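Participant: So in this note's numbering, spot 159 of the sequence shown is number 159, and the numbers just go up one at a time.
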Amino acid sequence: MNTNIVIVGGGASCISFIDALLKKNLQEKLNELSLTVLEKSKEIGPGNAYFSDLKSNLLNTKAGYITVFKDHPGDFYHWLECNEYKWKSDFPELEITRDTYAPRALFGMYMKDAFSAICTEARRSGIQVKVIRDEAVKVEQIKKDQINVVTQNGTVIVAEKVVLACGTQQQSAVLPPYSHDIIHSPYPTRELKQKVLAEESVAIIGARLSAIDATIGLIEGGHTGPITIYSRSGYFPFVRGIQGRYKNAYLTPDYIAEHCPALDFYKLGDLYQQERERYRAQSESSYFEELPLPNQPIRDLEAFLEKELAMAKQDRGWQAILYDTNSGIDQIWDRLRADDQERFMKEFFSSAMSLRVSIPAENAEKILGYLRSGQLKFVAGASSVKVEDGQLMVQCNDSSTPTGKVIYATGSPKSLSQIDSPLVRNLIESGTSVENKFGGLDVCKHDYGLFCKDGQMNTSIFAIGELTSGRFLFTSALDIIVRHAHACADSVEKFMIEHDYSLSLAKS
Ligand SMILES: Cc1cc2nc3c(=O)[nH]c(=O)nc-3n(C[C@H](O)[C@H](O)[C@H](O)COP(=O)(O)OP(=O)(O)OC[C@H]3O[C@@H](n4cnc5c(N)ncnc54)[C@H](O)[C@@H]3O)c2cc1C
Numbered sequence: 001m002n003t004n005i006v007i008v009g010g011g012a013s014c015i016s017f018i019d020a021l022l023k024k025n026l027q028e029k030l031n032e033l034s035l036t037v038l039e040k041s042k043e044i045g046p047g048n049a050y051f052s053d054l055k056s057n058l059l060n061t062k063a064g065y066i067t068v069f070k071d072h073p074g075d076f077y078h079w080l081e082c083n084e085y086k087w088k089s090d091f092p093e094l095e096i097t098r099d100t101y102a103p104r105a106l107f108g109m110y111m112k113d114a115f116s117a118i119c120t121e122a123r124r125s126g127i128q129v130k131v132i133r134d135e136a137v138k139v140e141q142i143k144k145d146q147i148n149v150v151t152q153n154g155t156v157i158v159a160e161k162v163v164l165a166c167g168t169q170q171q172s173a174v175l176p177p178y179s180h181d182i183i184h185s186p187y188p189t190r191e192l193k194q195k196v197l198a199e200e201s202v203a204i205i206g207a208r209l210s211a212i213d214a215t216i217g218l219i220e221g222g223h224t225g226p227i228t229i230y231s232r233s234g235y236f237p238f239v240r241g242i243q244g245r246y247k248n249a250y251l252t253p254d255y256i257a258e259h260c261p262a263l264d265f266y267k268l269g270d271l272y273q274q275e276r277e278r279y280r281a282q283s284e285s286s287y288f289e290e291l292p293l294p295n296q297p298i299r300d301l302e303a304f305l306e307k308e309l310a311m312a313k314q315d316r317g318w319q320a321i322l323y324d325t326n327s328g329i330d331q332i333w334d335r336l337r338a339d340d341q342e343r344f345m346k347e348f349f350s351s352a353m354s355l356r357v358s359i360p361a362e363n364a365e366k367i368l369g370y371l372r373s374g375q376l377k378f379v380a381g382a383s384s385v386k387v388e389d390g391q392l393m394v395q396c397n398d399s400s401t402p403t404g405k406v407i408y409a410t411g412s413p414k415s416l417s418q419i420d421s422p423l424v425r426n427l428i429e430s431g432t433s434v435e436n437k438f439g440g441l442d443v444c445k446h447d448y449g450l451f452c453k454d455g456q457m458n459t460s461i462f463a464i465g466e467l468t469s470g471r472f473l474f475t476s477a478l479d480i481i482v483r484h485a486h487a488c489a490d491s492v493e494k495f496m497i498e499h500d501y502s503l504s505l506a507k508s
């Protein structure tokens with residue numbers, strides 16, 4: 001089977017990439033264009049973040065601000081208003097405003113429609129779109145602009161360009177006999193009820209959003225046994241305040257490129273202070289909460305959340321400033337001195353993520369309630385899981401605690417060796433791709449082409465999304481995903497047109 005472009009993964013990156021391609025009229029420039037989307041899961045559009053699951057898994061972006069279409073801000077909210085007949089029966093109790101943190105599964109319904117809409121629009125523009133429900137297991141470069149994509153079912157798709165938009169990757173699964181007791185991902189959280197007995201003790205490894213989803217999912221699903229969250233860094237997500245959006249003037253790639261020949265932590269601190277002053281000057285209130293840089297592990301999560309919930313009733317300007325760095329975080333990261341980058345990854349990454357990826361107050365209230373009832377405990381420190389005399393144990397801070405089940409809620413592993421993906425394994429083993437020093441596939445920061453073993457950038461195989469987070473520091477927000485998908489479409493267009501031009505020269 002032949003196609004111009006294969007997109008591996010039918011989630012947000014894919015939708016946004018097709019949207020960007022449509023704006024380029026590439027089918028007219030090349031006389032034809034065909035796309036093939038490969039998606040291994042049952043649902044197309046929602047991806048790993050927004051598939052149908054428990055209603056307690058919330059978006060961490062307000063309904064009025066989130067969209068998969070770059071040129072349609074607020075598209076999700078618009079969809080909610082126009083399509084109430086589609087979602088109201090599944091979410092009868094939900095009253096939505098622009099400020100609601102909606103269930104991610106509801107956003108997933110929007111994403112399914114977005115996928116259908118973009119495919120319809122593509123077909124209307126004369127672009128053939130084929131969707132195949134299968135897993136890509138191998139991407140082989142046969143020659144320049146001939147890539148074979150091999151699927152698990154043995155289909156071979158011959159393409160000119162391939163875009164890897166595979167999203168979050170799972171940890172390698174635990175092998176029997178403990179595969180029933182050690183759960184390598186909390187998702188789908190609705191299935192945890194079948195995997196964990198209601199009265200069993202549960203250890204959750206990890207303390208970011210997926211750990212919170214797992215805890216709330218279990219307890220709201222009727223779990224009565226004790227749950228312990230183990231946080232390696234000892235940090236926990238901060239809670240979202242009530243502030244609106246803010247547009248940075250200093251912490252932006254353009255300002256930094258013009259005014260900061262060398263960027264280090266000190267300079268970043270100065271820029272933040274300038275931004276803070278500007279925010280204050282624009283704000284109606286004289287109150288400004290200082291950046292609560294976490295510098296030591298949380299010992300008392302109850303006290304932390306009580307304080308956080310009180311702070312979250314107010315405008316948290318630092319969150320608005322940090323959020324706006326989404327529009328250029330990769331470029332700011334790229335300008336940071338190499339030794340500060342290393343230090344950031346080793347010493348500050350976890351604390352920065354706890355600030356940056358905050359949670360809605362609604363979920364923080366629930367976690368606080370579970371802590372107060374004594375059902376939930378929080379332990380700071382590196383933990384390891386082992387089996388002693390047939391009993392599953394979690395070792396942390398020199399003590400060993402027996403547990404009935406372990407749930408890994410650690411997100412996409414940074415190191416490729418821990419990822420459970422034949423495709424990624426093949427890419428690395430064949431030398432088609434190499435690992436970035438901060439994890440994930442190494443791609444060109446401008447063109448998104450994979451760097452291969454000999455250091456060359458591939459102009460036929462591209463990657464966007466979570467697999468490239470080592471290169472771009474942070475990709476886990478939809479607005480960042482959309483930005484990268486559009487930039488990648490620019491690059492794919494550039495290399496397709498170049499190739500087409502050189503072919504026509506060769507023919508003439
Ligand atoms: C649990 C979770 C919650 C999040 N919540 C938010 C939020 O509230 N707000 C926000 O802004 N951002 C959030 N994010 C960030 C999120 O990553 C992006 O918003 C976005 O959904 C990522 O899109 P993607 O297409 O790159 O990846 P995904 O949405 O993960 O899609 C990738 C798709 O590729 C498929 N796939 C993978 N490998 C293969 C293969 N080999 N062959 C075929 N198909 C394959 C997968 O099945 C999946 O459907 C969240 C992320 C996660 C993981």
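For glycine and all other residues, C-beta sits at the position ideal for the given N, C-alpha and C.
Quantities reported herein were computed from a predicted structural model and do not represent experimental measurements.
1. Using a threshold of 8 Å, state whether the C-beta atoms of S434 and C452 are closer than that.
2. Leaving out five residues before and five after Y279 in sequence, what residues of the same chain have Cβ atoms less than 8 Å from its Cβ?
3. Could you say if the segment 258-278 and the segment 335-348 meet the contact criterion of at least three C-beta pairs nearer than 8 Å?
4. According to DSSP, is S16 part of a helix, a strand, or is it coil?
5. If I follow the unbroken beta strand (DSSP E) through P73, where does it start and stop?
6. For G167, which of helix, strand or coil comes out of DSSP?
7. To which residues does DSSP link I147 through a beta bridge?
8. Could you pull the start and end residues of the beta strand (DSSP E) that Q515 belongs to?
9. Out of curiosity, what's the CA-to-CA distance linking G11 and V394?
10. Whose C-beta lies closer than 6 Å to the C-beta of G470 among residues of the same chain, with five residues either side of it excluded?
11. Taking only the alpha-carbon atoms, compute the straight-line gap between P292 and P402 and give it to the nearest angstrom.
12. Could you give the first and the last residue of the continuous beta strand (DSSP E) run that contains M1?
13. So the alpha helix (DSSP H) Y101 belongs to, where does it begin and stop?
14. Take every Cβ of the segment 411-429, pair it with every Cβ of the segment 112-125, and state whether three or more of those distances are shorter than 8 Å.
15. Less than 8 Å between the beta carbons of Y65 and G206, yes or no?
16. Taking the alpha-carbon positions, what's the T224 to E429 distance?
17. To the nearest angstrom, report how far apart R372 and I96 are at their CA atoms.
18. For ligand 1, I want to know if I205 counts as a neighbour, meaning its beta carbon is within less than 7 Å of at least one of the ligand's heavy atoms.
19. Could you pull the start and end residues of the alpha helix (DSSP H) that V131 belongs to?
20. Whole angstroms are fine: how far does the CA of G244 sit from the CA of D315?
Facilitator: Result, derived from the coordinates:
1. The sequence shown places Val at residue 434, not Ser. Cβ atoms of V434 and C452: closer than 8 Å.
2. Sequence-distant partners of Y279 (beyond 5 residues in either direction) whose C-beta falls short of 8 Å from its own C-beta, in its chain, are Y246, F288, G317, A320, I321.
3. Verdict: yes, contact present.
4. Here S16 sits in helix by DSSP.
5. In the DSSP assignment, P73 falls outside any beta strand (DSSP E), carrying neither H nor E.
6. Coil.
7. Its beta-bridge partners are Q141, A159.
8. A query on residue 515 cannot be resolved here, the shown segment of the chain reaching from 1 to 508 and no further.
9. A direct Cα-Cα distance of roughly 35 Å separates G11 from V394.
10. Once the five neighbours on either side are set aside, the close Cβ partners of G470 are N436, F438, G439, G440.
11. Approximately 35 Å between the Cα atoms of the pair.
12. In the DSSP annotation of this structure, M1 is not part of any beta strand (DSSP E), being labelled neither H nor E.
13. Looking at the DSSP string, Y101 is not in any alpha helix (DSSP H), and its letter there is neither H nor E.
14. No: fewer than three Cβ pairs fall under 8 Å.
15. Against a cut-off of 8 Å, the Cβ pair of G206 and Y65 comes out as no contact.
16. Note on geometry: alpha-carbon atoms of T224 and E429 lie some 46 Å from one another.
17. In this model, R372 and I96 are separated by some 29 Å (Cα to Cα).
18. Outside the cutoff, so no.
19. For V131, there is no enclosing alpha helix (DSSP H); the enclosing beta strand (DSSP E) has its first and last residue at 128-132.
20. A direct Cα-to-Cα measurement between D315 and G244 gives close to 8 Å.
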